[in-house]
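> Below is one structure. I have some questions about it.
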Amino acid sequence: MFLPNSISVPFRFFLLTITFFTCGSVLLTSCKPAKPSVKVGINAELTGEMPAVGASCKQAAELFVEQVNKDGGIMVGGTKLPVELSVVDNSCKADQSAAAAQRLISQNGVLVMVGPDASSCAIPAGELAESLGCLMISPWSTNPKTTQDTQTGKPKKNVFRACFTDRFESPVLAAFATKNLHAKTAAILYDVTSEAPTSQSALFKEAFEKAGGKVVSMETYSTGDRDFSAQLTKIRESAPDIIYLPAPYNDTPLIAAQARQLGIKAPFLGSDAWSSPDIIKLDTGKNLEGSYFCNHYSTEAATPKAKQFIADYTARYGNAPDDVAALTYDAMVLASQSISSAGNLDRTAVRDSMAATRTFDGVTGHFVYPKDEREPEKSAVIMQIKDGGFHWVSTVEP
Amino acid sequence: MKYLAQQAINALQLGSIYALIALGYSMVYGVLTMINFAHGDVFMLGAFFCLLLIALVPVPFWLALIVVMAATALLGTLIERFAYRPLRKAPRVSAIITALGCGLVIQNTTLGISPYARPMPRLLENATYQFGGITITMLQIVIIGVSLGLMLALDFLIRKTSFGMAMRAIASDRAMVSLLGIPANEIIAITFAIGAALGGAAGLLYGMAYPVVSASMGITVGWKAFVAAVIGGIGNMRGAVLGAFILGSVEVMTVAVLPSTYRDLISYSLLLLILVFKPYGLLGKPALHKA
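Order-wise, the sequence lines are chains A and B. Per my numbering, numbering through the first sequence is continuous, rising by one, with the last residue being 392. Per my numbering, numbering through the second sequence is continuous, rising by one, with the last residue being 717.
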């Protein structure tokens, strides 16, 4: 300490305590009396397995808040209130996303929580939102379990999403494989310890076999694995027409590279988890060239509303928004509309007004929420990786 | 048959990388009876150092290997000097917690600097050879070759040189070694440096084989290599290599003949079984007089 040694130890502590309290009270009194604001929480994968997903989510949410606050905020019961955004990192882990939800809802007192995006995070966070009675909208989680009550199997009261589910996505891909690619046999390789790939693989197999195809090999790995050579050698033996890889954007290039190295030539099909442009940066060997995946929207088939968003986002961040960004933006608009039509800052009222939403025109297309459902019916797009970019192939209506 | 031969090559590649990392765990345990849990993260930094090096100056593979090994060796020495040496007389639990802490500091620093996974640039020509339907790549040959070379060099160092003799002496009685005038601290520091250099080399080779580099890449592989070291008899170098090749083969062969969902269940049950019958690992010996 920079105090003379002659001062006794208890007195030093006394001085220290006084200093703390003075600093604290100065800080407190310098704050202006809190103006009421609309608190919205973001529960995102900023670090961990998919940081690109979290970054898109955060950026889109911040863009929305900037735009709304420039106009004075959200109209609530006749007055415009500014939006206050709290962003919490869930590290892309189940336990931390539950902790992040707890912190946003109980401590920060948010009115709506947007996120998490990955299903493995959205499912546990959804449990908390449900029990704490706070509206949660997941932009990107496609696993059916996210919005389902584990005990009754009925939809959760407080958890909604801005995307379609695997029940829609996987059959769309299976149909594309059998009709457009004329595939008779398929192999699947997926992460058995992750929620979305597990449900997508089961649903893809079901749909593919219903369409007359045959899944000749279904192999798994665990999160964190980098060596897929054993599984791929097995897949090579079964000689499939296509390989379905519902893996995240950062695992997929590794799997593809190892498959091509083993001499597997079958085309790859992927899920919406491929949609981050990082997948192309990581695929240095161009092993994914020509592969197809299912996505939520495409910048190449954009509505005027989407075009406006793409322009704003690109101007603000210097890169085009991926589907997580677009879906987060839609979720933010849905949240603010629900708050606005609730007319007050009550969690139950906001939740009820979200539940009363039937249709919505968003960046990612036209949403129809059937009565008592938590997920919208909306279109999907099939994209192809070609010449180092994503290209729109077709749009599939529900 | 062709299928099994292909899987055997896969197992060799995986086993070689596990072996290089397992050696680092085993060496440190041998001289200090301490588990260096930061080793998996030193391994991860090996890949990142390579990335950094290539971004600065495009160097050929062998030069990158030498520079990365030197850099991780320096890092290993620093960790030993500033994190472990002050705690050498502290309870063993404190040393383990310090090691875990070091690992987390390294990992989260890397995460802070580079949260995104990065592609590893190609260092070697991507040649593929066919031998009667079996595919083997240049990269696999290099990985297996470099690993075996480093392992043989280490074996020679430990068994045939005076440094190796001093190292083995420290493992059996550190106090006596100091009394005899052997600079125990220096020997321990060099042991850490060698262990870290092998970990760094493994990181580089792993980054080349699986060319997406991220801050969390050391966790799973680090744990598996640690398991391999224990199976072989931690503290015993040949045991670490044996354990690593057993683990690699069991993992690959389980997938080869059974549904891959059972891989971790079967490989780890088998390893538990080995420990039931050989509690000190396959080549480990019970320590009689170690404090």
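Where a beta carbon is used, it is the ideal one built from N, C-alpha and C, also for glycine.
Can you tell me the Cβ-Cβ gap for P118 of chain A and S135 of chain A, rounded? I've got them flagged as a contact below 8 Å.
Their Cβ separation, rounded to whole angstroms, is 11 Å, which puts P118 of chain A and S135 of chain A out of contact at 8 Å.
> With DSSP as the reference, label I258 of chain A as helix, strand or coil.
Residue state, collapsed to three classes: coil.
> Please specify which runs of the beta strand (DSSP E), each continuous and at least 3 residues long, are wholly inside the segment 205 to 262 of chain A, giving them in chain order.
Listed in chain order, they are 208 to 215 and 236 to 239.
> Is the Cβ of N244 of chain A closer than 8 Å to any Cβ of chain B?
Yes, contact with chain B.
> Excluding the 5 residues preceding and the 5 following E294 of chain A in the sequence, name in chain order all residues of the same chain whose CB lies nearer than 7 Å to its CB.
Closer than 7 Å at the Cβ level, and outside the excluded window around E294 of chain A, lie H385 and W386.
> Buried or exposed: which applies to T140 of chain A, given that a residue is buried once 16 or more other Cβ atoms fall within 10 Å of its Cβ?
When all chains shown are included, T140 of chain A counts as buried.
> DSSP has Q378 of chain A in a bridge; who is on the other side?
A:Y286 and A:H385, per the DSSP bridge assignment.
> Would L446 of chain B be called buried (16 or more neighbouring beta carbons within 10 Å of its own) or exposed?
Flag for L446 of chain B reads buried.
> Less than 6 Å between C-beta atoms, sequence neighbours within five positions excluded: which residues of the same chain meet that for A595 of chain B?
Cβ within range, chain order: V603.
> For the 8 Å Cβ check, are there 3 or more pairs between the segment 277 to 287 of chain A and the segment 244 to 254 of chain A?
Counting Cβ pairs under 8 Å, three or more are found: they touch.
> Could you list which residues in chain B have their beta carbon closer than 7 Å to that of E231 of chain A, in chain order?
Near E231 of chain A (Cβ distances below 7 Å), the residues of chain B are Y429.
> For P27 of chain A, which residues in the same chain have their Cβ closer than 7 Å to its Cβ, ignoring the five residues on either side in sequence?
Bear in mind that the predicted position of P27 of chain A carries a pLDDT of just 49, short of 50, making it too unreliable to give a figure here.
> Who are the near neighbours of L698 of chain B in its chain, counting only those whose CB is closer than 8 Å to its CB and skipping five residues on each side?
Taken in chain order, the list of residues that qualify is empty.
> Show which residues of chain A have a CB atom less than 7 Å away from the CB atom of Q432 of chain B.
Within chain A, the residues near Q432 of chain B are T227.
> Less than 8 Å between the CB atoms is what I'm expecting for S188 of chain A and T217 of chain A, so what's the real figure, rounded?
Sure, about 6 Å apart at Cβ, within 8 Å.
> With a CB to CB cut of under 6 Å and the five nearest residues on each side skipped, what residues in its chain are close to M69 of chain A?
Taken in chain order, the residues that qualify are S334.
> Report yes if the C-beta distance between S270 of chain A and A46 of chain A is below 8 Å; otherwise report no.
Contact flag set, yes.
> Of the residues A:V327, A:V153, A:C128 and A:P242, which one's Cα is nearest the Cα of D340 of chain A?
Answer by Cα proximity: A:C128.
> Exposed or buried, what is A439 of chain A when buried is set at 16 or more other beta-carbons lying within 10 Å of its beta-carbon?
With chain A covering only -5 through 392, there is no way to say anything about residue 439 of chain A.
> Go ahead and pull the three-state DSSP assignment for K704 of chain B.
Three-state result, K704 of chain B: coil.
> Cα separation between P712 of chain B and P133 of chain A?
Roughly 56 Å separates the two Cα atoms.
> So what does DSSP say about E551 of chain B, is it helix, strand or coil?
Coil.
> Nearest chain B C-beta to P247 of chain A closer than 8 Å, yes or no?
Taking Cβ atoms only, chain B reaches closer than 8 Å to P247 of chain A, which makes this a yes.
> Looking at the unbroken alpha helix (DSSP H) that takes in N63 of chain A, where does it start and where does it end?
Looking at the DSSP string, the run of the alpha helix (DSSP H) that includes N63 of chain A is P45 to K64.
> Residue range of the alpha helix (DSSP H) that R341 of chain A falls in?
Counting along the chain, the alpha helix (DSSP H) containing R341 of chain A begins and ends at R341 to A349.
> Taking C-alpha atoms, which residue in A:A343, A:G337, A:Q331 and A:T342 lies nearest to T353 of chain A?
For the residues A:A343, A:G337, A:Q331 and A:T342, the minimum Cα distance to T353 of chain A belongs to A:Q331.
> Which complete alpha helix (DSSP H) runs does the segment 580 to 625 of chain B hold, if anything under 4 residues is left out?
As far as the segment 580 to 625 of chain B is concerned, its whole alpha helix (DSSP H) runs of at least 4 residues are 588 to 598 and 600 to 605.
> Compare the C-beta of T535 of chain B with all C-beta atoms of chain A and state if any pair is closer than 8 Å.
No, T535 of chain B lies away from the interface with chain A (no Cβ there is under 8 Å from its Cβ).
> Starting from I560 of chain B, follow its DSSP beta bridges and name the residues at the other end.
I560 of chain B is bridged to B:F557.
> What residue ranges within the segment 78 to 156 of chain A form continuous alpha helix (DSSP H) runs of no fewer than 4 residues, ordered along the chain?
Listed in chain order, the complete alpha helix (DSSP H) runs (minimum 4 residues) inside the segment 78 to 156 of chain A are 88 to 96 and 113 to 126.
> Listing by chain order, which chain B residues have their CB less than 8 Å from the CB of Y238 of chain A?
Those do not exist, as Y238 of chain A stays about 15 Å from chain B at its closest Cβ, beyond 8 Å.
> Tell me which residues share the same chain as A670 of chain B and place their Cβ nearer than 6 Å to its Cβ, disregarding the 5 neighbours each side in the sequence.
Correct list, in chain order: G441, Y444, A445, A448 and A654.
> Might you give, ordered along the chain, the residues of its own chain that have their beta carbon closer than 7 Å to the beta carbon of S675 of chain B, omitting 5 neighbours on each side?
Excluding positions up to five away in sequence, the list reads A437 and G441.
> Whole angstroms is fine: what's the gap from Q101 of chain A's alpha carbon to E78 of chain A's?
Distance between the alpha carbons of Q101 of chain A and E78 of chain A is about 14 Å.
> Taking Cβ positions only, does L276 of chain A come closer than 8 Å to chain B?
By this cut-off, L276 of chain A is an interface position.
> Between the alpha carbons of K716 of chain B and L482 of chain B, how many angstroms are there, rounded?
Since pLDDT at K716 of chain B reaches only 46, below the 50 mark, its modelled position is unreliable, and no value is offered.
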